[in-house]
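Each residue of the sequence shown is one higher than the last, beginning at 3 in the numbering used here.
Ideal Cβ placement from N, Cα and C applies to all residues, glycine included.
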Amino acid sequence: MPQPQPMPQPARLVVALDFQTGAEALDMARALSPLAREHGNIWMKVGLELFVAEGPGMVRGLKAMGFKVFLDLKFLDIPNTVRGAVRSAVKCGADMLNIHAIGGLDMARVAVAARDEAAAETGLAEKPLLFAVTVLTSMQDMDNPILRGRPAAEVALELARVSREAGLDGVVCSAREAASIKAACGQDFLCLTPGIRIPDPAAPADDQRRVMTPEEAVAAGSDFLVVGRPVTRAPAGQGGPVAAAREILRRMAAAARGA
Ligand code: C5P
Numbered sequence: 003m004p005q006p007q008p009m010p011q012p013a014r015l016v017v018a019l020d021f022q023t024g025a026e027a028l029d030m031a032r033a034l035s036p037l038a039r040e041h042g043n044i045w046m047k048v049g050l051e052l053f054v055a056e057g058p059g060m061v062r063g064l065k066a067m068g069f070k071v072f073l074d075l076k077f078l079d080i081p082n083t084v085r086g087a088v089r090s091a092v093k094c095g096a097d098m099l100n101i102h103a104i105g106g107l108d109m110a111r112v113a114v115a116a117r118d119e120a121a122a123e124t125g126l127a128e129k130p131l132l133f134a135v136t137v138l139t140s141m142q143d144m145d146n147p148i149l150r151g152r153p154a155a156e157v158a159l160e161l162a163r164v165s166r167e168a169g170l171d172g173v174v175c176s177a178r179e180a181a182s183i184k185a186a187c188g189q190d191f192l193c194l195t196p197g198i199r200i201p202d203p204a205a206p207a208d209d210q211r212r213v214m215t216p217e218e219a220v221a222a223g224s225d226f227l228v229v230g231r232p233v234t235r236a237p238a239g240q241g242g243p244v245a246a247a248r249e250i251l252r253r254m255a256a257a258a259r260g261a
C-alpha cells in the first residue's frame with residue numbers, strides 16, 4: 003500500500019537579522035513578534051555578522067522570545083571540524099543550520115551524522131533541519147571560480163543532488179532553481195531561498211543578482227523565504243519592518259492560494 007504523504011507545510015518567512023549588535027537584532031525581533039504570533043510562520047536568521055558579534059546567546063535569546071532560529075553560518079572545512087561545528091550549533095539550540103555543498107559528499111555525510119548524534123544526546127524531539135548552500139545568489143555566471151563559466155542553475159542542481167544523496171533536508175538556492183531542484187530531488191527536499199525582493203521600481207536589489215518576488219518564490223516551490231533588508235531596512239514612513247513583513251506574508255499566502 004502506498005504510504006500517505008505528509009501534508010506540505012505553508013512556506014515560512016525567515017527574517018535575516020543582519021545586525022552588528024544583539025540589541026538591534028532583539029529590537030527587530032521584538033517588533034516582529036506580535037506579527038509572528040498572529041501568523042505562526044516567521045523564523046529568525048542569525049548569520050555571520052551577528053553570531054561573530056554576539057555568539058550563541060543570540061540564538062537562546064530569540065528562542066526565549068518564541069522564534070524558531072536558523073543559524074546561517076555556512077560551514078565549510080575538513081569533515082572533522084565541520085562535525086564539531088554542527089554539534090555545537092545543535093547544542094546551542096538552532097532549529098536549522100547549514101553547510102556549503104561544495105565541501106563534498108564526505109563532509110555533508112559527516113554533518114548529517116553529527117546533527118543526528120547531537121540531537122539524540124540533547125534529547126530533541128525534532129532534529130534541527132540541515133541544509134546545504136548551493137550557489138550564493140550574489141554570484142554571476144562568468145566571474146566566479148566555483149562556476150567557472152557554467153550557468154549557476156546547472157551547478158546548483160548538481161550540488162543539490164549531492165546534498166540529497168548525503169541525507170540533508172534541503173538546500174539554500176535561488177528561487178529560480180527551486181522547481182528544477184524539487185523535480186530532480188523530490189518534492190520533500192526543502193528549498194530555502196534568499197534573494198527575495200518586493201516589486202518596487204524605487205527599491206534597490208542591493209547586491210542580490212538573481213532575485214524573485216515572494217509570489218514567484220512560493221509558486222516555484224520555495225519552503226523558506228529568507229528576507230533581510232527589504233524587512234529590516236524598510237522605511238519608517240511606509241510602516242517600517244512590520245508593514246513590510248506583513249506585505250510579504252500577504253503575498254506568500256496569495257501565491258499559496260493560487261491567487
Ligand atoms: O538583505 P537580503 O534580503 O539580501 O539578505 C539575504 C540574506 O540571505 C543574507 O543574510 C545573506 O547572507 C543570506 N544568503 C544569501 N544567499 C545565499 C545564502 C544566504 O543572500 N545563497
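Contact check for Leu37 against Leu75 fails: the beta carbons are separated by 8 Å or more. Between Val164 and Val137 the beta-carbon gap is near 13 Å, outside 8 Å, which marks them as no contact. Here the alpha carbons of Phe226 and Ala180 stand approximately 11 Å from one another. For Val220, the enclosing alpha helix (DSSP H) has its first and last residue at 216–222. Contact annotation, Lys47 with Val16: C-beta distance approximately 5 Å; criterion of less than 8 Å satisfied. Taking C-beta atoms under 8 Å as the contact rule, Met60 and Gly24 qualify, at a distance of about 6 Å. Annotation: the segment 122–201 contains the following complete segments of the alpha helix (DSSP H) (minimum length 4 residues), in chain order: 154–168, 177–187. For Lys93, the closest alpha carbon among the candidates Ala255, Glu128, Glu218, Val233 is that of Glu128. For Ala103, there is no enclosing alpha helix (DSSP H), as DSSP gives it neither H nor E.
Rounded to the nearest whole angstrom, the C-alpha separation of Phe72 and Arg150 is 30 Å. The DSSP-derived three-state label of Ala18 is strand.
In chain order, Val88, Met98, Leu99, Asn100, Ile101, Ala113, Val114, Arg117, Leu170, Asp171 place their CB closer than 8 Å to the CB of Leu132, counting only its own chain and leaving out the 5 sequence neighbours on each side. Here DSSP, grouped into helix, strand and coil, assigns Val228 to strand.
Per DSSP, the unbroken alpha helix (DSSP H) holding Phe53 starts and ends at 50–56.
Collapsing the DSSP output to three states places Leu78 in coil. Counting only residues of its own chain and dropping the five nearest sequence neighbours on each side, Ala27 has a CB closer than 6 Å to the CB of Leu19, Phe21, Leu52. One Cα belongs to Ala186, the other to Pro147, and the distance between them is close to 25 Å. Within the DSSP secondary-structure output, Leu73 pairs in a beta bridge with Val48, Leu99. Distances between the C-beta of Pro237 and the heavy atoms of the ligand C5P are all 7 Å or more.
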